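**Q**
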Amino acid sequence: MIITAALLAAFAFAGTALVAGMHDATEERIADNERATLLRTLNAIVPRELYNNDITSDIKLVTSREWLGSKKSITAYRARRDGKPAAVVLTPFAPDGYNGAIHLLVAIRLDGTLLGVRVLSQQETPGLGDAIDISRTNWVKSFDGHSLKNPDELGWHVEKDGGIFDQFTGATISPRAVVKAVHHTLLYYSKHRNELFNGGETPPGGEHG
155 MIITAALLAA FAFAGTALVA GMHDATEERI ADNERATLLR TLNAIVPREL YNNDITSDIK
215 LVTSREWLGS KKSITAYRAR RDGKPAAVVL TPFAPDGYNG AIHLLVAIRL DGTLLGVRVL
275 SQQETPGLGD AIDISRTNWV KSFDGHSLKN PDELGWHVEK DGGIFDQFTG ATISPRAVVK
335 AVHHTLLYYS KHRNELFNGG ETPPGGEHG
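Numbering (our numbering), first residue to last: 155 to 363.
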C-alpha cells in the first residue's frame, strides 16, 4: 500500500508539473501572438521607417473621460526615432456608437497630423454601421493627413452636419461617433503632447485631461 501510494503521488506530481509546463508554454505563445498582432496593426498606421524603438513596450497610460471617451486609463504607444519623439498611437473610445462604445487606434505624427485611424472593436449594425471597420470599407482612411487645422473645427463633422467626412446611407450615427472621437483625440494630443512623450508608464488615473 505504501508503494502504491508513493506511485500515485509521483504520477500526480508529474501530471501537475506537465500541465503547469504546458500552461506556461501556451501562455507565452499566446502573449507572443498577441504582441505580433498588435505590432502589425500599429505598423499599418505608423510607417516602420518613422521609428526604431520598441513601440509596443514604450507606453504610457493616460486618462481623460472628456477627450478620450473612457473613465478608465487607455494606452498610448510612443514611436521614437533615435530616442526622439516621432508619433504616438492613442487608443480612445467613441462612447456614442449606435450599439455601444467603439474602440479606436488613432496614430498622430509629432506635428499633430493624423497618420491613420483603425477600429479595434465595435458592435455596429452589420452591413451599415460596421462600414467604419477597415475590413469592410476604406472609409476610415479618410482621416489620413488631417489635423486640427485641416479641416477647421466646422469641418470636423460628417457631411450631414456640415463637415467634410462622409456618412453611410442609413447609418449616420456610427461615422459621426468616430469623427467626434478622432477630433477629441487630436484636441487631447494638442493639450498634452509633451506629457505623452515624457516619463514611463503612468499608473491608472495618473494623467488627467
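Note that beta-carbon positions come from the ideal geometry of N, C-alpha and C, so glycine has one too.
In this text, all values refer to a predicted model and were calculated from it rather than measured experimentally.
#1: Could you pull the DSSP bridge partners for Val-312 from this structure?
#2: Which of the three DSSP states, helix, strand or coil, is assigned to Ile-156?
#3: Counting pairs of Cβ atoms below 8 Å between the region 253-264 and the region 272-280, do you hit three or more?
#4: Taking the CB atoms as reference points, tell me whether Phe-319 and Ser-289 lie closer together than 8 Å.
#5: Going by other Cβ atoms of all chains shown within 10 Å of its Cβ, with 16 needed for buried, is Lys-214 buried or exposed?
#6: Would you call the region 323-330 and the region 223-238 touching, i.e. three or more CB-CB distances under 8 Å?
#7: My output table needs one value for Thr-279: the three-state DSSP class, helix, strand or coil.
#8: DSSP three-state label for Val-333, please.
#9: Could you tell me the alpha carbon to alpha carbon distance between Thr-210 and Ala-240, rounded to whole angstroms?
#10: Leaving out the 5 sequence neighbours to the left and right, which residues in its chain are closer than 6 Å to Asn-207 when beta-carbon positions are compared?
#11: Could you say which of Val-260, Pro-280, Leu-192 lies nearest to Thr-291 if we only look at CA atoms?
#12: Whose C-alpha, out of Lys-334, Leu-222, Ser-227, is nearest the C-alpha of Gly-309?
**A** Concretely, from the data shown:
#1: DSSP lists Phe-319 as the beta-bridge partner residues of Val-312.
#2: Of the three classes helix, strand and coil, the one that applies to Ile-156 here is helix, per DSSP.
#3: yes
#4: no
#5: buried
#6: Touching, no.
#7: coil
#8: helix
#9: 14 Å
#10: Excluding positions up to five away in sequence, the list reads Arg-234.
#11: Ranked by Cα distance from Thr-291, the options Val-260, Pro-280, Leu-192 are led by Pro-280.
#12: Lys-334
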